[in-house]
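Below is one structure; the comments refer to it alone.
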Amino acid sequence: KYGDDTAELVRIAIDCARRASDTAAEGQTDRFVALDIGPLGHILKPLGDLGYEQAIEIFKNTIRAGKNADLIFIETMSDVYEARAALIAAKECSDLPVFVSCAFGEDGKTMTGSTPAVVASVLGRMGADAVGMNCSLGPAQLLPLVEQFHSYLNVPLIMKPNAGLPRVIDGKTVYDINEKQFAEYMRLAVQSGARVIGGCCGTTPATIRELTAATEKMTPAPVLTERRPVVCSLSGLFEFGGRPALVGERLNPTGRKKLKEALQNGNYDFIVEQALAQREEGADILDINAGLPGIDESGVLKGCVLALHGVCDAVLQIDTGNAEAMERALRIYGGCAVINSLECTDKSMNSIFPLVKKYGGMVICLTIDENGIPADAQGRYRLAERIAERADSFGIDRSNLIFDTLTLTAASERGSAKTTLDAVRLIKDKLGCRCIVGASNISFGLPRRDILTASYITMAFSHGVDAAIVNTSQNEIMKAYHSFLALYGYDSDCAEYVDYASKTVEAEQIKYTAPNNSIDKLKRAVLKGLRDEAAQAAHALTSDTDPMEIINSGIIPALNEIGEGYESGKTFLPQLLKSADAAAGAFEVIRAAMPSVQTDGDTIVLATVKGDIHDIGKNIVRAMLENYGYRVIDLGKDVPARTIADEVIKSGAKIAALSALMTTTVPAMRETIELIHTEAPGCRVMVGGAVMNAEYAAEIGADAYSANASEAVRVAARLCGK
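Structural data, given as structure tokens:
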């Protein structure tokens, strides 16, 4: 945020902190100076405007300047994707210990929909030295998250809450719990697993004294030593060891003409559609492969990962034999991926194991070496044992290993299924590692492949296989899978089986049925966040449908539906932004096709108030308001009251929408509201931001409060008399 002055400011700040540390009270011997790093104030691509490598480089500049600190503390991160970028930067240009802390909402998730389990899994596996939560809420609200964090963390857990929730009394911001209450909540947090504790907004030296007195003689809960075998996306997590996983195979171009064409043409909307379809069919993990002759595999694979970012909650299994392509994809993936795959050769292990170590996740290990696939189960087990021993030498826990004992086709390899599954049993019994099978391989060259494959996955799961790579659109396979879950007790009261049986049709294959008319196609494209498809559907409609009918029947209902899902916690910020982007693509087509028709509506002036440099929430609100037809004048962040009032008067705006994240900038918001009401009495003021609530908004004179971007649309409509 400070450009060329960053290095000098960081150096001076560390010098100030070091002098304070040196003069601390006698007897306080463990004194450390932390380089504290917060969010950049941007949403990262593909949802926002800042590139991932740009973000990493900005963080690196600050970290290099802070090399004389004792540790790095990355905190108040509302997006684990950005926290991950900061952690990569720290690991690549510093050897200091790194703490990472995220901010959570009242729903127990970050702004982008990540749970404590996801945050713990992503940041812990990537080498953070302590992980946890700070800011946003008080200790009472964050306490239920402690146990969730602790059960997934193999490093110390941080808890640094606010002093409760803010409110205004006699014009001053106060928090709703006192020092002793704060300390008592934190005692409970320590009992539940917190090991690094402190206070954020609203806490004072008196708070910390009470906290210290209440907890200094406590023995914190031990850090977990056993690693849980988990993989995750930004908003979804799968843990091996219980119900077997289904890995969708339809994002592999082998034998798939349409997918090949999509990869060659950069048609990422097709990739997203295939991913969402497999997820709806029941896939837990999606194998994604871009290995085609004549294309830039690294670039296309990275493009596929970015296209799926935040839109589909299934975990990605990144499938490539190209180590460079693998690293580029893992670097920009927001979760812990399944890495597919590694072979029992020095070249493969030396190139893939470092990626597992750096980016976390789990790796599929093939029981094949320079001599090929051993013919018997014992031979395949010996290769697995060698791989596990090499993993040990890289400091990779064996819980990160998934073995594929390689399924050969039954038509040409007699007894191949038995050999593969015998090897699985040896690995499970002797190494205790997870196993996966490429189920479709068994039936190559045979008729009604789905029947044989379905029988094979039942055999495989019975032998302890933890995951199978299958075509989830094949009815025989899904029938076998749901039957297995019911019979083996993974499906409580057979509820999933009953649900599946009641929905499925007795056909050879479950097929996706596309919407019949263009309006439905447009709605679906906006809901799924498919910009190109939305634009095409809008274009098809412009020849014979009134533009306002397109907007009112297609775009607005879809935006309303995704907004309602966002408010109810069924969808998260990435899906909201992707839908807004798809709607914007449709609007562009409507405007271009019929220039005389404008969707510009009432004017809204939007700004983050003076002294506040946060604008992520404001930018989201802008996108939503624009897609509902409002003319939005965005003045940016750190905007003086005079500038906002002048623009309101000049533009004739009906609404001024003001944002503030920090309690210290609420006075600036109050000043701005008073100025607007005095000089532009016809303008209504809507406020929002992390420190705001309805009571707070009323106290400072606002006409309305909005908790999120979706609600802002409804509030704006009400203020405009719509």
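Take the sequence shown: its letter number 244 is residue 487 in the numbering used here, and every next letter is one higher.
No residue lacks a Cβ here, since even glycine has one placed at the ideal position from N, Cα and C.
C-alpha distance - residue i paired with residue j, whole-angstrom precision
i           : j           : result
residue 971 : residue 289 : Because the chain here runs from 244 to 965, residue 971 falls outside it and cannot be looked at.
residue 949 : residue 929 : 7 Å
residue 370 : residue 580 : 15 Å
residue 472 : residue 357 : 18 Å
residue 380 : residue 344 : 13 Å
residue 506 : residue 530 : 15 Å
residue 421 : residue 256 : 30 Å
residue 778 : residue 517 : 19 Å
residue 557 : residue 528 : 5 Å
residue 571 : residue 565 : 10 Å
residue 512 : residue 814 : 19 Å
residue 253 : residue 283 : 15 Å
residue 699 : residue 685 : 8 Å
residue 666 : residue 709 : 14 Å
residue 263 : residue 448 : 15 Å
residue 876 : residue 534 : 45 Å
residue 320 : residue 489 : 32 Å
residue 292 : residue 732 : 47 Å
residue 749 : residue 716 : Only weak support is given to the placement of residue 749: the predicted model assigns it a pLDDT of 45, under 50, and the question is left unresolved by the model.
residue 577 : residue 500 : 29 Å
residue 470 : residue 359 : 16 Å
residue 751 : residue 352 : Low confidence applies to residue 751: its pLDDT is 37, below 50, so where it sits in the model is not reliable, and the reading given next is rough at best. Distance between the alpha carbons of residue 751 and residue 352: 40 Å.
residue 721 : residue 481 : 19 Å
residue 595 : residue 819 : 35 Å
residue 548 : residue 638 : 27 Å
residue 903 : residue 361 : 28 Å
residue 756 : residue 389 : Bear in mind that the predicted position of residue 756 carries a pLDDT of just 46, short of 50, making it unreliable; the figure below should be weighed with that in mind. Roughly 44 Å between the two C-alpha positions.
According to DSSP, residues forming a beta bridge with residue i
i           : result
residue 948 : 930
residue 482 : 473
residue 320 : 345
residue 560 : 530 and 581
residue 608 : 585 and 646
residue 846 : 874
residue 315 : 278 and 341
residue 376 : 345 and 402
residue 615 : 612
residue 440 : 402
residue 937 : Partner(s): none; residue 937 has no beta bridge.
residue 851 : 902
residue 986 : No statement about residue 986 is possible, as the shown extent of the chain runs from 244 to 965 and does not include it.
residue 454 : DSSP output for residue 454 lists no bridge partner at all.
residue 293 : 287
residue 494 : 531
For residue i, the nearest candidate out of the options (CA to CA)
i           : options               : result
residue 803 : 788, 313 and 826      : 826
residue 363 : 395, 953, 372 and 738 : 395
residue 725 : 487, 546 and 424      : 487
residue 249 : 415, 308, 291 and 868 : 308
residue 550 : 772, 654, 955 and 855 : 772
residue 690 : 956, 652 and 662      : 652
residue 438 : 734, 373 and 774      : 373
residue 679 : 647, 866 and 695      : 647
residue 844 : 636, 894 and 457      : 894
residue 761 : 740, 442 and 786      : 786
residue 824 : 493, 770 and 432      : 770
residue 478 : 552, 406, 639 and 937 : 552
residue 924 : 355, 898 and 711      : 898
residue 543 : 483, 555 and 508      : 508
residue 933 : 582, 622 and 348      : 348
residue 567 : 935, 540, 730 and 775 : 540
residue 832 : 791, 817, 810 and 864 : 791
residue 676 : 643, 702 and 338      : 643
residue 694 : 713, 705 and 355      : 713
residue 958 : 873, 466 and 794      : 873
residue 430 : 444, 346, 463 and 415 : 463
* Taking only runs that begin and end inside the stretch 391-437, name each unbroken alpha helix (DSSP H) of 4 or more residues, in chain order. => 422-435
* **At least 3 beta-carbon pairs within less than 8 Å: the stretch 580-594 vs the stretch 657-677** => no
* To do: Entirely within the stretch 853-902 and at least 3 residues each: give me those beta strand (DSSP E) ranges in chain order.
  => 874-877 and 898-902
* Per the contact definition of three or more C-beta pairs closer than 8 Å, is the stretch 939-954 in contact with the stretch 909-920? -> yes
* **Given 8 Å, three or more beta-carbon pairs between the stretch 276-288 and the stretch 304-321** => yes
* Asked: Which runs of the alpha helix (DSSP H), 4 residues or longer, sit entirely within the stretch 654-726?
  -> 659-673 and 692-705
* Asked: If you pair each beta-carbon of the stretch 905-912 with each one of the stretch 844-856, do three or more pairs fall below 8 Å?
  -> yes
* Counting pairs of Cβ atoms below 8 Å between the stretch 609-626 and the stretch 330-344, do you hit three or more? -> no
* Asked: Taking the runs of the beta strand (DSSP E) that are 3 residues or longer, which of them lie wholly in the stretch 786-834?
  -> none
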